[in-house]
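Following: one structure in structure tokens, then a few remarks.
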Amino acid sequence: MPESQNLEAIARNRAEIDRIDREIVRLLNERCGRSLAIRDLKSAEHLGIFDARREEEILEKTAEANEGPLDDEHVHAVYAAILRVMKEA
Ligand SMILES: C=C(O[C@@H]1C=C(C(=O)O)C=C[C@H]1O)C(=O)O
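Counting along the sequence shown from 1, when you hit position 77 you're at 77 in full-length UniProt numbering, and nothing is skipped either side.
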């Protein structure tokens with residue numbers, strides 16, 4: 001493939017990554033809205049924000065959902081960060 005075609009392919013893949021990143025940010029904010037709703041409901045029930053068992057369940061379910069090419073270890077690292085920031089929102 002001539003060099004210019006490779007450069008065009010890089011540009012196309014980057015445009016797709018930009019689109020996917022916008023979608024990921026939208027979904028993260030949608031998820032955060034649900035997490036905040038649960039926080040309010042827990043507060044009304046005088047329950048604490050953090051639920052270690054639920055977070056473990058999420059880490060298991062996201063590993064099960066992983067079809068690669070990311071390793072489960074990578075998905076775990078991303079979700080550990082997501083669960084941490086959800087509690088800081
Ligand atoms: C939203 C909840 O509260 C916290 C936030 C979680 C999340 O963002 O998924 C999961 C468990 C809790 O630490 C919940 O208990 O479901």
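Note that beta-carbon positions come from the ideal geometry of N, C-alpha and C, so glycine has one too.
heavy atom of ligand 1 below 8 Å from residue i C-beta
i: Lys61; result: no
i: Ala52; result: yes
i: Ile38; result: yes
i: Ile49; result: yes
i: Glu55; result: yes
Beta-carbon proximity check, residue i vs residue j, cutoff 9 Å
i: Asp72; j: Ala63; result: yes
i: Ile49; j: Leu83; result: no
Range covered by the alpha helix (DSSP H) that runs through residue i
i: Ala89; result: That residue, Ala89, is in no alpha helix (DSSP H); it is neither H nor E in DSSP.
i: Leu7; result: Glu3 to Ala44
i: Glu67; result: Careful: Glu67 lies outside any alpha helix (DSSP H) and carries neither H nor E.
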